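Below is one structure, written out as structure tokens; the observations come after it.
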Amino acid sequence: MMSPKYDEYRALFRKGRYIEAAGFAETAYLEGNQNNPFWLTRQAAALIKIREYKESLEVAEQALSLNPSNPYSMLAVADALRGLKRTDEALRYYEEIMGDPKITFFAQKGILSCLEAKKEWDKMLGHMRKWEMPRNSAFVWKVKALTGQKRWDEAIEICGQWLAVQPDLPQALWALTNLEIQRDGISLQKSRETRTGLKTV
394 MMSPKYDEYR ALFRKGRYIE AAGFAETAYL EGNQNNPFWL TRQAAALIKI
444 REYKESLEVA EQALSLNPSN PYSMLAVADA LRGLKRTDEA LRYYEEIMGD
494 PKITFFAQKG ILSCLEAKKE WDKMLGHMRK WEMPRNSAFV WKVKALTGQK
544 RWDEAIEICG QWLAVQPDLP QALWALTNLE IQRDGISLQK SRETRTGLKT
594 V
């Protein structure tokens, strides 16, 4: 069972009151056991939400120094590094915590986000073939990877499967619309080039 104090923090976080959540977590840490990194990781998570990546990294590294094997501290460091676009460093942390079942989903999301930033589409697809992921998340990342490879028709097919599971989902409808525009727009441009013998600038 979660403590009332953590419930209060979560309520702030869910309402998008991230500055207050960060301050609440900082106070909770200072008033509690300062050898326990828990509240530092919560402060770092709230700081990331307001894009204070440098401060978040400092807090996360403080948490990690208290317990270097704590996966939540490593996750906080990885998220902050990714926010700072230190992608390779973030990726190493995410890969290190992949084996912890409590945070596998967050590690997967971090790894795929890093690979997306590096445009390593084949690696993304390779991971997804091996990993068990929530179905909605799998659709999102497959569409991103296939789009990155300009495999429009395959990405559109995945969107169709996604909408079959969750009809009228705005995220899926938006992805499908964008893909059709990209595919058909490119096809129309190539058609014009073929007819005129000239490339569109």
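The sequence shown lines up with residues 394 to 594 when you count with the numbering used here. Even glycine gets a Cβ: it sits at the ideal position worked out from N, Cα and C. As the structure is a prediction and not an experimental result, all values here were calculated from the model.
### Message
Assuming ILE549 is part of the alpha helix (DSSP H), what are its boundary residues?
### Response
By 1-based counting over the sequence shown, the position of residue 549 is 156. Segment 545-558, the alpha helix (DSSP H) holding ILE549.
### Query
If you draw a straight line from the C-alpha of TRP524 to the C-alpha of GLU454, how long is it?
The residue you call residue 524 lines up with position 131 of the sequence shown. The residue you call residue 454 lines up with position 61 of the sequence shown. Cα to Cα, TRP524 sits roughly 29 Å from GLU454.
### Query
Where do the ends of the alpha helix (DSSP H) carrying ARG403 lie?
In the sequence shown, residue 403 corresponds to position 10, counting from 1. It spans 397-407 - the alpha helix (DSSP H) in which ARG403 sits, taken as one unbroken run.
### Query
What is the residue span of the alpha helix (DSSP H) that PRO464 lies within?
Here residue 464 corresponds to residue number 71 of the sequence shown, with the count starting at 1. Here the alpha helix (DSSP H) through PRO464 covers 464-476.
### Message
Could you compute how far the alpha carbon of THR570 sits from the alpha carbon of GLU547?
### Response
For the purposes of this step, residue 570 is taken as residue 177 along the sequence shown, with counting starting at 1. For the purposes of this step, residue 547 is taken as residue 154 along the sequence shown, with counting starting at 1. One alpha carbon belongs to THR570, the other to GLU547, and they sit about 14 Å apart.
### Query
Taking the alpha-carbon positions, what's the ALA473 to GLU550 distance?
Along the sequence shown, read from residue 1 onward, the residue named residue 473 stands at position 80. Along the sequence shown, read from residue 1 onward, the residue named residue 550 stands at position 157. Their backbone Cα atoms lie some 34 Å apart in a straight line.
### For LEU468 and ASP493, the rounded distance between their alpha carbons
Within the sequence shown, the letter at position 100 stands for residue 493. Within the sequence shown, the letter at position 75 stands for residue 468. So the two alpha carbons sit approximately 11 Å from each other.
### Query
Are the beta-carbon atoms belonging to VAL470 and TYR446 less than 8 Å from one another?
Translated into positions along the sequence shown, residue 470 becomes position 77. Translated into positions along the sequence shown, residue 446 becomes position 53. Taking a C-beta distance under 8 Å as the contact criterion, VAL470 and TYR446 do not qualify as a contact pair.
### Message
Along the chain, where does the alpha helix (DSSP H) containing MET517 start, and where does it finish?
### Response
Here the question's residue 517 lines up with position 124 in the sequence shown. Looking at the DSSP string, the run of the alpha helix (DSSP H) that includes MET517 is 514-523.
### Query
Is ARG475 buried or exposed, if buried means 16 or more other CB atoms sit within 10 Å of its CB?
By 1-based counting over the sequence shown, the position of residue 475 is 82. That one is buried.
### Task
Could you have a look at GLY425 and say whether DSSP puts it in helix, strand or coil?
Position 32 of the sequence shown, counted from the first residue, corresponds to residue 425. In the three-state scheme derived from DSSP, where H, G and I count as helix and E and B as strand, GLY425 is classed as coil.
#### Entry: Length of the line joining the Cα atoms of ARG585 and GLN575
Looking up residue 585 in the sequence shown gives position 192. Looking up residue 575 in the sequence shown gives position 182. Low confidence applies to ARG585: its pLDDT is 49, below 50, so where it sits in the model is not reliable, and the reading given next is rough at best. Near 15 Å, if we compare the C-alpha coordinates of GLN575 and ARG585.
#### Entry: Of the listed residues ASP400, ASN529, LEU457, nearest to PRO563 (C-alpha basis)
Sequence index remark: in the sequence shown, residue 563 carries index 170 (1-based). Considering only alpha carbons, the answer is ASN529.
#### Entry: Nearest neighbour of SER462, chosen from GLU489, LEU477, TYR402 [CA to CA]
To locate residue 462, count along the sequence shown from 1; it is residue 69. For SER462, the nearest C-alpha among the options comes from GLU489.
### Query
Taking the alpha-carbon positions, what's the ALA439 to ILE504 distance?
Along the sequence shown, one-based indexing puts residue 439 at 46. Along the sequence shown, one-based indexing puts residue 504 at 111. Approximately 20 Å between the Cα atoms of the pair.
### Task
Check the C-beta distance from LYS502 over to LEU508 and give it rounded, since I have them as a contact under 8 Å.
Locating residue 502 in the sequence shown gives position 109, counting from the first residue. Locating residue 508 in the sequence shown gives position 115, counting from the first residue. At roughly 11 Å, the Cβ-Cβ gap does not stay under 8 Å, so LYS502 and LEU508 are not in contact.
### Task
Could you pull the start and end residues of the alpha helix (DSSP H) that GLN436 belongs to?
For the purposes of this step, residue 436 is taken as residue 43 along the sequence shown, with counting starting at 1. In the DSSP annotation of this structure, the continuous segment of the alpha helix (DSSP H) that includes GLN436 starts and ends at 431-442.
### C-beta atoms of GLN559 and ALA568 nearer than 8 Å
Your numbering for residue 559 matches position 166 in the sequence shown. Your numbering for residue 568 matches position 175 in the sequence shown. The answer is no: Cβ separation not under 8 Å.
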